[in-house]
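Colleague:
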Amino acid sequence: MFLFLFFGTIFSGNLDFLDISNVNGFDLPLMITVTTIVSPGKKSGLECGNPKCGFIDVNSFCQSPNKITGGPGDGCYTVDGPTATSPTNDTEAFANVCPDAFSYSTDIANHVYFCQTGSEYSVVFCPIPFRLNTLE
230 MFLFLFFGTI FSGNLDFLDI SNVNGFDLPL MITVTTIVSP GKKSGLECGN
280 PKCGFIDVNS FCQSPNKITG GPGDGCYTVD GPTATSPTND TEAFANVCPD
330 AFSYSTDIAN HVYFCQTGSE YSVVFCPIPF RLNTLE
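Counting from 230, one number per residue, gives the positions in the sequence shown under our numbering.
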């Protein structure tokens, strides 16, 4: 079984960078929230934003050439994500269900979030759907 990949660079200059990645695939929903913002900072857009990716029915979602890993429901591996340098039909499927997450290797334009160093974060695996819908 694999998890979402959360890549973060904390304490890089004056900014912390974080993102959610579906480049290799998807199996669990994830939510990252900023719990304390160090000024200057605002809780909108990519600056101190709250990236998330919710629940999906992996068995229905995962279509060829993408592959279910392990037994039913273990996860969906994307064939194109790790090597694609532009969107493909398969990476677009991941982008449509998780628009806050990377879906291919160079998909950084709107997916790297940042806050001032010293801000605090909460990473929640399998958040309840209500919380995903009520984030600012």
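Cβ atoms here follow ideal geometry from the backbone N, Cα and C, with glycine treated the same way.
#1: Output the distance between the C-alpha atoms of Asn339 and Cys291, rounded to the nearest integer angstrom.
#2: Do Val267 and Gly347 have their C-beta atoms within less than 8 Å of each other?
#3: Between Tyr350 and Leu247, which are expected to be in contact by the criterion C-beta below 8 Å, what is the C-beta distance as a whole number of angstroms?
#4: How many angstroms separate the CA atom of Phe233 from the CA atom of Ser293?
#5: Which parts of the stretch 257 to 308 are runs of the alpha helix (DSSP H), unbroken and 4 residues or longer, counting only runs that do not cross its ends?
#6: Looking at the secondary structure, which residues open and close the beta strand (DSSP E) in which Asp329 lies?
#7: If you run the structure through DSSP and keep just helix, strand and coil, what is Asp248?
#8: Quick one: give me the first and last residue of the beta strand (DSSP E) that Ser315 is part of.
#9: Give a yes or no on contact between the stretch 273 to 288 and the stretch 315 to 322, applying the rule of three or more CB pairs nearer than 8 Å.
#10: Cα separation between Phe331 and Asp303?
#11: Does the distance from the C-beta atom of Lys296 to that of Val308 stay below 8 Å?
#12: Please work out which residues of its chain come closer than 6 Å, Cβ to Cβ, to Thr363, disregarding the five sequence neighbours upstream and downstream, and give them in chain order.
#13: Taking Cβ to Cβ, would you say Asp245 is nearer than 8 Å to Pro280?
Modeller: Reading it off the structure:
#1: Each residue's CA atom was taken as its position, placing Asn339 and Cys291 some 24 Å apart.
#2: Against a cut-off of 8 Å, the Cβ pair of Gly347 and Val267 comes out as a contact.
#3: 7 Å between Cβ atoms; contact.
#4: Confidence in Phe233 is poor, its pLDDT being 43 and thus under 50, which makes the residue's placement unreliable; the coordinate value appears in the next sentence. In a straight line, the C-alpha of Phe233 is about 20 Å away from that of Ser293.
#5: 287 to 290
#6: Here Asp329 belongs to no beta strand (DSSP E), and DSSP marks it neither H nor E.
#7: strand
#8: That residue, Ser315, is in no beta strand (DSSP E); it is neither H nor E in DSSP.
#9: no
#10: 20 Å
#11: yes
#12: Below a pLDDT of 50, predicted positions are generally treated as unreliable, and Thr363, at 49, falls in that range; the measurement from the model is reported next regardless. Same-chain partners within the cutoff: there are none.
#13: No.
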